[in-house]
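Participant:
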Amino acid sequence: MGQYFDQIPPELQNHVKGLVKSVNVEEGVDALEKVSQAWLEKKSVFEEKTAGMDMEEIDRLAADDSRAALALTYSGSLVNIGPLIDGVRNVRYSSIGFRTNTPDSAESDKSKLESDVETNSVISFSGGPVKSTSQIFKIAVCKDEDMSPEEQQQTIFDAGEMIEEEFIEVNKTVMEEEE
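Residue numbers 1 to 179, in this note's numbering, belong to the letters of the sequence shown in order.
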């Protein structure tokens, strides 16, 4: 179909096609290719930044697992899931999408996971402003199992901030560059 779209994992292709509706591009520009290019760059940023923060990718985080996690949705949004402390988690949802301004976000320090967090499934929450996300593409956790909950929270927060900033830059460069 296209240079970038063909590199999108098959399970995400229909979702990426749906994202095109939210993008304004100049006439004659292939919106699907632009969205695909941006999505692939965001995937790379997530992988590089989480690896650089000594995090590893997993396919599933049990709802009762005490670890913190960072998740990337099919739509390119980030979900910071803090460690489980006294039955609740600090959760921050950042919808970066394909806008070039500051991301829309929602945060709660009293969220609960309604079920396990798994790739290719939505995350459902209670106790906060975000009730569910789009499907999850990637999940990363801290490799060091001896890390305190506070250290995990800080690592997830720092990684999330760096990734958000780079996602905004991807939007600015890919979505606004001249063909």
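C-beta: ideal position from N, C-alpha, C; glycine also.
Computed from a predicted model, the values in this text were never measured in an experiment.
(1) Please name the residue in Val25, Arg89, Ile81, Met175 whose C-alpha comes closest to that of glycine 160.
(2) At what residues does the beta strand (DSSP E) containing serine 95 begin and finish?
(3) Do serine 126 and glutamate 114 count as a contact pair if the criterion is CB distance below 8 Å?
(4) What would DSSP say about valine 130, mapped onto helix, strand or coil?
(5) For proline 129, count neighbouring Cβ atoms within 10 angstroms of its own Cβ and tell me buried if that reaches 16, exposed if not.
(6) Do the region 160-172 and the region 61-80 make contact, defined as three or more Cβ pairs closer than 8 Å?
(7) Does glutamate 26 come out as helix, strand or coil in the three-state DSSP assignment?
(8) Among Gly76, Ser36, Asp30, which one has its Cα closest to the Cα of glutamate 165?
(9) Determine the closest residue to methionine 55 out of Val170, Val122, Val141, Lys172, with distance taken between C-alpha atoms.
(10) Measuring CB atoms only, is the region 21-35 touching the region 61-68, in the sense that at least three cross pairs come out at less than 8 Å?
(11) Per DSSP, what kind of secondary structure is threonine 119 in: helix, strand or coil?
(12) Give me the DSSP bridge partner(s) of isoleucine 58.
(13) To which residues of the same chain is lysine 143 closer than 7 Å at the C-beta, ignoring the five residues directly before and after it?
(14) Which of helix, strand or coil does DSSP assign to leucine 84?
(15) Among Glu169, Ile139, Ser134, whose alpha-carbon lies nearest the alpha-carbon of leucine 61?
Facilitator: From the atom records:
(1) Ranking the options by Cα distance to glycine 160, first place goes to Ile81.
(2) Run containing serine 95: 89-95, per the beta strand (DSSP E) assignment.
(3) Cβ distance < 8 Å, so glutamate 114 and serine 126 count as in contact.
(4) Per DSSP, reduced to three states, the secondary structure at valine 130 is coil, with no helix or strand assignment.
(5) By the 10 Å Cβ count, proline 129 comes out exposed.
(6) Here the region 160-172 makes contact with the region 61-80; the two share three or more CB pairs at distances below 8 Å.
(7) Correct three-state label for glutamate 26: coil.
(8) Of the candidates Gly76, Ser36, Asp30, the one whose C-alpha sits nearest the C-alpha of glutamate 165 is Gly76.
(9) With distances taken between Cα atoms, methionine 55 lies closest to Val141.
(10) Taking 8 Å as the limit for Cβ pairs, the verdict is that the region 61-68 does not touch the region 21-35.
(11) In the structure shown, threonine 119 sits in coil (DSSP, three-state: anything other than H, G, I, E or B).
(12) The partner list for isoleucine 58 (beta bridge, DSSP) reads Ile139.
(13) Taken in chain order, the residues that qualify are Asp54, Met55, Glu56.
(14) Three-state DSSP puts leucine 84 in coil, outside helix and strand.
(15) Leucine 61 has its Cα closest to that of Ile139, out of Glu169, Ile139, Ser134.
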